[in-house]
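Worksheet: one structure, shown below.
There are 2 protein chains.
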Amino acid sequence: MKRPTIADVARHAGVSKGAVSYALNGQPGVSEATRQRILAIATEIGFRPSSAARALSAATAGAVGLALCRPARILGIEPFFMALISGVEAELSARSYALTLQVVADPDAEIAVYRRWWGERRVDGVLVCDLRTDDRRIPALEQLQLPAVVIGGPGGTGALASLWSDDAAALTETVEYLVALGHRRIARVAGLPDLRHTEIRTEAFATVCQRLGLLDAVTVWSDYTGEEGGRATRRLLSSARRPTAVIYDNDVMAIAGLSVAQEMGLGVPADLSIVAWDDSPLCRLVHPALTALGRDIPAYGAHAARQLLAVIGGEPARRVQDETPQLTPRGSTAPPRER
Amino acid sequence: MKRPTIADVARHAGVSKGAVSYALNGQPGVSEATRQRILAIATEIGFRPSSAARALSAATAGAVGLALCRPARILGIEPFFMALISGVEAELSARSYALTLQVVADPDAEIAVYRRWWGERRVDGVLVCDLRTDDRRIPALEQLQLPAVVIGGPGGTGALASLWSDDAAALTETVEYLVALGHRRIARVAGLPDLRHTEIRTEAFATVCQRLGLLDAVTVWSDYTGEEGGRATRRLLSSARRPTAVIYDNDVMAIAGLSVAQEMGLGVPADLSIVAWDDSPLCRLVHPALTALGRDIPAYGAHAARQLLAVIGGEPARRVQDETPQLTPRGSTAPPRER
DNA sequence: GACGTCCACTGAACCGGATAAGCTGAGCCA
DNA sequence: TGGCTCAGCTTATCCGGTTCAGTGGACGTC
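Chains as they are written, first to last, in the numbering used here: chain A, 3 to 341; chain B, 3 to 341.
Following this line, the structure appears as C-alpha cells:
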C-alpha cells in the first residue's frame, strides 16, 4: 500500500509542499482557512510525516535509547526493569518519543552501542542503568556528548545528569527498625558488588551497625539470582551465631531466602526476620508476605524520562533526588524468639 | 560534537560521495585499493551512516516494533515478556535491527500505534503478542499491509505469519501425568479468558478430562495476577469436593496458590499437587519447587524475530510451530494422600 | 498614483545517504 | 592510428520532510 507523502497532500490541496508543512506544524505563513482545508485533507488521506525525513532535516531522532546490561536470566525475573520501562515509556509516548531497547553483554558492549546509536543518529539521548563504581560508561558518554541521564548515584556520575534515591537512608531506617524489634544479629545479602548502589548500601550498613554497636553484622555477596540468594542464606543460617534477621538486596533473593529458611525448619518470622529490597507483587505472593523496601518504580522511570527530555531540550544537567524507598512491614518481620 | 557525514569521508579521501557509498556497501565500482583507503578513513574519523538518511533513501526503517498490551502491574511481574524481549533483541541486534517498544492500554490503542508506526515509517514490521479470540488487530494489520508475525495460535491469525506452540498437547500431557499419579479431581486456574491460548488450553482441558472420565474437572478464571490466583485457589480449596491437583496458567498464580495452600494448612504435595505454566526461575525459588511446563522463551522470541525479518524480506507468511512446552516434575506434585 | 507594508504563498535549497547514468582514460586489437 | 571495451570513477537525481528567500497582490498612506 502506497503511503501518502506531503507532496500528495499538497497536490490534493492545490498548494505547495511548504504551505502544507506550515499548516501541519502550526507555523504562521498560511491563512486559517487554508490551514483547516489542508488539515482536513491530510486526515482524510491518512497522511503521517515520515520520521526518517523529519529526522534528516531536523537533525533529531525522536527516540531515546535504553541499553540493559544484565544476563537474560536475571533480566527476566527481576520485576524492576519491566516496571521501569513501563514508566519510561508512558512518559516518552506522551511526548511522541519512541523507546529503543537493546540488551548488551557487558559495559564495553554498552559503550559500543552508545557510539553506534549516536553516530547513526538513532537516538537523541539515553538512560543509563546499573551505575558501577568507576563506571567506564560515564567518561565515554561525556566524550560523545550524548545527552544522558544516569539512574543511580549519588556520586560517580561525572558531569552527567542523574536521578537517585537515598538508599543509605532507607537502609539505615531498616536496620533501626530491626534493632527496635530486638534484633542484634543482622545480616545482609548484597547484590553484585561492583554496582554503585550496592556499595552505597554496604557503606550505610557498616556505618549504622557500628553506631548501634551491632558487632555481629555481616554482609555476604550474591548476584541477585535466586540460586545465589538461597545459597548465601543457607551459609548464613548454618553458621555458629546465625543471624535473627536478614536484609536482601532484591525481592528474588529474599524469596529464595524465605524458602531456604522454611526448608531448614526455621519459622519466619519467629526464628528469622526477612526484609526485601524492591517491593514488588512477588513480596505479597509468598507466605508470610515479605516486609519490603519499596517505591514507585514506574514513577521513577517516568521521572528519569522527563529529565532526559529536558537535557535533550538543552537544559543543564541536574542531579535530582527521587523519593526515598519506604519500608512496608508485613508478616516476615517480628521480634526474635530468643534474646 | 559534529558527527562526520559521508561528505566528510569523501573530502578526506579526495573522492566523491558516490565512491564512498560504493566502497562502504561492498558494491562494485571502486578499486580494491581505493576501497581500503576509504574504509580506513571512515574508521579513523568515526563515520557512521545516518539511519535517517539511509531510511529515507532505502525506504526501510531498520527497526521492528513490539507493542505490549498489559497493565504495568502485570507486565512487571511476569518474567515471560522480559525473556521474550531478550530473545527478540538478540536476534535483531545481530542483524543490525533496532527494537522499538511501546506499552499500550488496550487493543484499539495498539492498532493506533501500528497505524502511526507504519505511517511514519518508524518500523519495518511488528511482533504481535497476546492473540485474542476475534482479534481486531489481525484485520487491521492485514489492511495496513504491515509485515507482522503473530506470537500465538494456531488459528485466528488470518493471513498473517504466526509462531505457535502446541499448548493443547502440553496440557493433555500434564493431565495424563496427574492422572497417572492417581489424581481424579483436577482443577485449572486459567488466565484472561479472551486470550486465544487460554481458550485453546480450556478446550484441551475439557477434552482430555472427558476422555479420562474426570467428572470433577473444573476451570476457574483469573487474570494472571497473584491476588486473583490466590483468591481462585482459596475458593477451590474451600469447596466441598476440593481438588487434589491444580494447574495454573502462569507461574505467578501458581506461587500465590502454593502460598494459599500452605496458609490453609494443606501440605504440598501431600494434600495438593501444583503445576505451573511458564517455567521460570521463580518456580525453583519457592519450597517445594514447582513442577512446571516450560520452554525456552528467549529462543521463542528469537525464532519470532527471525520469522519477522523473513516476512520483511518478502518471503511468504508461514505458520510455524515452535517447540511444545515440556513438563519438568519437581517437588510440588506427588500422588494424592487419600484415594 | 507612486510607494511602502504586510499577508499568503511559492520555489528552491538542504539534510545525508543510495543509485542510475554519464564520463574518462587505459588497454587491447585490427 | 582509430575504434572498442571496460574498470573506476563523477555527476545528478531521488527519498520526504523543513525552512529561507523571494513574489505577487491587496491595502493603506501621503
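Don't be surprised by glycine CBs; every beta carbon is placed ideally from N, CA and C.
Spatial distance of residue i from residue j (CA atoms)
i: GLY184 of chain A; j: GLY193 of chain A; result: 26 Å
i: GLU229 of chain B; j: LEU329 of chain B; result: 25 Å
i: ARG39 of chain A; j: ALA111 of chain B; result: 27 Å
i: VAL11 of chain B; j: ARG50 of chain B; result: 10 Å
i: ILE314 of chain A; j: GLN147 of chain A; result: 11 Å
i: ARG286 of chain A; j: ASP169 of chain B; result: 29 Å
i: LEU77 of chain B; j: ALA85 of chain A; result: 7 Å
i: TRP279 of chain B; j: VAL32 of chain B; result: 57 Å
i: HIS289 of chain A; j: LEU238 of chain A; result: 21 Å
i: TYR116 of chain B; j: GLN145 of chain B; result: 11 Å
i: TYR99 of chain B; j: ILE257 of chain B; result: 37 Å
i: LEU162 of chain A; j: PRO149 of chain A; result: 8 Å
i: ALA9 of chain B; j: GLY48 of chain B; result: 13 Å
i: ASP2 of chain A; j: SER88 of chain A; result: The structure shown does not extend to residue 2 of chain A, since chain A spans only 3 to 341, so no value can be given for it.
i: ASP281 of chain B; j: ASP253 of chain B; result: 7 Å
i: THR227 of chain A; j: ARG118 of chain B; result: 39 Å
i: LEU133 of chain B; j: VAL106 of chain B; result: 15 Å
i: PRO109 of chain A; j: ARG5 of chain B; result: 23 Å
i: PHE83 of chain A; j: ALA206 of chain B; result: 35 Å
i: TYR250 of chain A; j: HIS305 of chain A; result: 26 Å
i: ALA35 of chain B; j: LYS19 of chain B; result: 17 Å
i: THR204 of chain A; j: ARG233 of chain B; result: 39 Å
Assumed close pair residue i, residue j - CB separation to whole angstroms, cut-off 8 Å
i: VAL125 of chain A; j: ILE153 of chain A; result: That pair is no contact at about 16 Å.
i: ARG198 of chain B; j: GLY160 of chain B; result: Actually they do not touch by this definition, with Cβ atoms about 12 Å apart.
i: VAL66 of chain A; j: LEU310 of chain A; result: 6 Å
i: GLN104 of chain A; j: GLU175 of chain B; result: The Cβ separation is near 37 Å, so there is no contact.
i: ALA272 of chain B; j: ARG332 of chain B; result: In fact, because the Cβ distance is near 15 Å, the residues do not count as touching under 8 Å.
i: PRO195 of chain A; j: TRP223 of chain A; result: 5 Å
i: ILE276 of chain B; j: LEU295 of chain B; result: With a Cβ gap of about 12 Å, ILE276 of chain B and LEU295 of chain B do not count as contacting.
i: LEU216 of chain A; j: ARG186 of chain A; result: 6 Å
i: LEU214 of chain B; j: SER334 of chain B; result: Incorrect: roughly 21 Å between the Cβ atoms, too far for contact.
i: THR357 of chain A; j: ALA263 of chain A; result: Any question about residue 357 of chain A goes unanswered here, given that chain A covers just 3 to 341.
Interface residues of chain A facing residue i [CB-CB closer than 7 Å]
i: HIS289 of chain B; result: SER261, GLN264, GLU265
i: ILE1 of chain B; result: Coverage of chain B is limited to positions 3 through 341, which leaves residue 1 of chain B absent and any answer about it impossible.
i: ARG50 of chain B; result: ARG118, GLY121, GLU122
Any chain B beta carbon closer than 9 Å to residue i
i: GLU91 of chain A; result: yes
i: GLN104 of chain A; result: yes
i: GLY228 of chain A; result: yes
i: ILE8 of chain A; result: no
i: ILE299 of chain A; result: yes
i: GLY31 of chain A; result: no
i: VAL22 of chain A; result: no
C-beta neighbour in chain A for residue i, strict 9 Å
i: GLU112 of chain B; result: no
i: ILE257 of chain B; result: yes
i: SER88 of chain B; result: yes
i: GLY121 of chain B; result: yes
i: LEU58 of chain B; result: yes
i: ALA1 of chain B; result: For residue 1 of chain B there is no data in the structure shown, the boundaries of chain B being 3 and 341.
i: GLY316 of chain B; result: no
i: GLY232 of chain B; result: yes
Chain B residues whose Cβ lies nearer than 7 Å to that of residue i
i: ARG124 of chain A; result: SER53, ALA100
Proximal residues of chain B, C-beta to C-beta of residue i below 9 Å
i: SER95 of chain A; result: GLN104, VAL105, VAL106, VAL115
i: VAL254 of chain A; result: PRO283, LEU284, LEU287
i: ARG236 of chain A; result: Under the 9 Å cutoff, chain B gives no residues; its nearest Cβ is about 12 Å from ARG236 of chain A.
Chain-ordered neighbours of residue i on chain A, where CB pairs are closer than 9 Å
i: GLY127 of chain B; result: Per Cβ cutoff of 9 Å: no residues; GLY127 of chain B is ~14 Å from chain A at best.
Within chain A, the residues that residue i reaches when beta carbons sit closer than 8 Å
i: ARG5 of chain B; result: TRP120, GLY121, ARG123
* **Contiguous beta strand (DSSP E) assignments of at least 3 residues, all confined to the segment 36 to 86 of chain B** => 65 to 70
* Asked: In chain order, which beta strand (DSSP E) runs of at least 3 residues are fully inside the segment 161 to 247 of chain A?
  -> 163 to 166, 188 to 192, 220 to 223
* To do: Just list the alpha helix (DSSP H) runs in the segment 263 to 330 of chain A, keeping only unbroken ones of 4 residues or longer that don't cross its boundaries, in chain order.
  => 283 to 287, 299 to 314
* At what residue ranges does the segment 79 to 139 of chain B contain a whole run of the alpha helix (DSSP H), taking only runs of 4 or more? -> 81 to 96, 109 to 121
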